[in-house]
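Enquirer: Each residue of the sequence shown is one higher than the last, beginning at 153 in our numbering. Don't be surprised by glycine CBs; every beta carbon is placed ideally from N, CA and C. Everything numeric in this text was worked out from a predicted model, so none of it was measured. One structure, as structure tokens, below. Some questions next.
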Amino acid sequence: MKPTDILREEHRVIERVLAALETAAIRLRAGEPVDSAIFIQAAEFIKGFADGCHHKKEEGVLFPAMQAAGIPREGGPIGVMLTEHQEGRQLTIAMRAAAEELAAGDAGAGEQIVDNALQYVALLRQHIAKEDNILFPMAEQVIAGPSQIGVSEAFERIEHEETGQGVHDRFLALAESIEREVAG
């Protein structure tokens, strides 16, 4: 399996959580009762899986391999992706903080949760589309042969050594739990 295929598979998992997060935010905005824990769990998934596992592979392995193959970091798609990763981190932190405020009894925090959650969903959907349709095909063209094998091996190391044994599976289970909770 190509390294970009691994990242695309992870995108599909992230998209499932995005759909559940969007549904929960829309319900909260409509005044329906939504447990703040859903947003805290979504933030945990985003931090641990989307950022911890997935972005670690992109930022620590794929992007440097693309740079080594001649794709510039600044003024090109890699720089845009890095900026969007940082924007996503900021939105996630703000969403989680508001969800914790709601859980502590601050009813006014709901709108902050909704705003940050929906901004995150919109950002990530277009971000994933750019990676799947522009960045990853570019990577597939410039990273070939032994370099591609090296990227795959580095992904494997991140998966098992750096993020810890079983962490990936724990986040897949969390994604399923979030989906079930929102589906009711």
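Candidates A194, H237 and R322: which alpha carbon is nearest P250's?
Expert: Here residue 250 turns out to be Ala, not Pro, going by the sequence shown. The candidate whose alpha carbon is nearest that of A250 is A194.
Enquirer: Which of the three DSSP states, helix, strand or coil, is assigned to G257?
Expert: In this structure, G257 counts as coil in the three-state DSSP scheme.
Enquirer: Can you tell me whether N285 is buried or exposed? The criterion is at least 16 other CB atoms within 10 Å of its CB, across all chains shown.
Expert: By the neighbour-count rule (16 or more Cβ atoms within 10 Å), N285 is not buried but exposed.
Enquirer: Exposed or buried, what is P155 when buried is set at 16 or more other beta-carbons lying within 10 Å of its beta-carbon?
Expert: The residue is buried, with at least 16 neighbouring Cβ atoms inside 10 Å.
Enquirer: Which residues in the same chain have their Cβ closer than 6 Å to the Cβ of H207, if we skip the five residues on either side of it in sequence?
Expert: Closer than 6 Å at the Cβ level, and outside the excluded window around H207, lie H237.
Enquirer: For the segment 319-331 and the segment 212-230, state whether three or more C-beta atom pairs, one from each stretch, are separated by less than 8 Å.
Expert: Segments in contact, no.
Enquirer: Check whether the Cβ atoms of Q271 and L243 lie closer than 7 Å to each other.
Expert: Against a cut-off of 7 Å, the Cβ pair of L243 and Q271 comes out as a contact.
Enquirer: Any contact between the segment 172-187 and the segment 258-277? By contact I mean 3 or more CB pairs, one from each, below 8 Å.
Expert: Verdict: yes, contact present.
Enquirer: Counting only the same chain and skipping the five closest in sequence on each side, list residues whose C-beta sits under 8 Å from that of P229.
Expert: If we look at P229 and ignore the five residues flanking it on each side, its Cβ neighbours are I223, K282, I286, L287 and M290.
Enquirer: So, using beta-carbon positions, are F323 and G231 closer together than 7 Å?
Expert: For F323 and G231, no; Cβs fall outside 7 Å.
Enquirer: Which residues in the same chain as H163 place their Cβ atom closer than 6 Å to its Cβ, once the five residues preceding and following it in sequence are excluded?
Expert: Once the five neighbours on either side are set aside, the close Cβ partners of H163 are I280.
Enquirer: Would you call I190 buried or exposed, if buried means 16 or more other Cβ atoms sit within 10 Å of its Cβ?
Expert: That one is buried.
Enquirer: Determine, using beta carbons only, whether A269 and L173 come nearer to each other than 7 Å.
Expert: Cβ atoms of A269 and L173: closer than 7 Å.
Enquirer: Assuming V334 and T175 make a contact with CB atoms under 8 Å, what is their CB distance in whole Å?
Expert: Contact flag correct, Cβ pair sits at about 5 Å.
Enquirer: For L275 and G240, what's the separation of their Cα atoms in angstroms?
Expert: Cα-Cα distance, rounded: 7 Å.
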